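Residues in the sequence shown are numbered from 3 upward in steps of one, following the working numbering.
Beta carbons: idealized from backbone N, C-alpha and C, even for Gly.
Keep in mind the model is a prediction, meaning the values are calculated, not measured.
Below: one structure, written as structure tokens.
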Amino acid sequence: VSSSFSNLRLAFTAPVADGGEPGLTSPEEMLLAAAATGWITAFLDVARQMVLDVADVAVEGELVRTYDELEGTRIERIALKPEVKLRSGLGFEKVHDMFRRATALARQRSPVLRALAAGVQLEVDPSYH
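Right under this line is the structure:
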């Protein structure tokens, strides 16, 4: 894949489980990266609105696929595990409200998450300190 508006040049493959070449990126990995980026962007917007001092945000993720004889392989679930480091302490209730708001905002703003919304479950299991 290349792009006329940037220097982006990527080689893709099928997932290794489907016979793809190890070491190359699969379209599923790109979807997972897009979902994580959409969530982080929304989280940082919510944190800015709440005037929070965020030191760091990291997200691990997993994309779960299933196989059906009639429909073939499909993406069933995207699970994101963000870890947030805050410079100032917040109460438990406020932090979890912030995570809920970020997830809702990510679903609203991210074209990838909107496109997947009907058929793909999005799970966000955040931690913070």
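Reduced DSSP category for residue i - H, G, I as helix; E, B as strand; rest coil
i   : result
D99 : helix
R89 : coil
V48 : helix
D20 : helix
L1  : No answer is possible for residue 1: it lies beyond the span of the chain, which begins at 3 and ends at 131.
L82 : strand
Which residues DSSP lists as bridging residue i, in chain order
i   : result
R67 : I77
L33 : Partner(s): none; L33 has no beta bridge.
Spatially closest choice to residue i from the options, by CA coordinates
i    : options            : result
V59  : M32, E31, K96, D47 : D47
L26  : T43, V3, I42, T39  : V3
T105 : A16, K96, F45, N9  : F45
S90  : P29, V53, A13, S5  : V53
Range covered by the alpha helix (DSSP H) that runs through residue i
i    : result
L115 : 113-118
Segment limits, beta strand (DSSP E) that includes residue i
i    : result
V126 : 123-126
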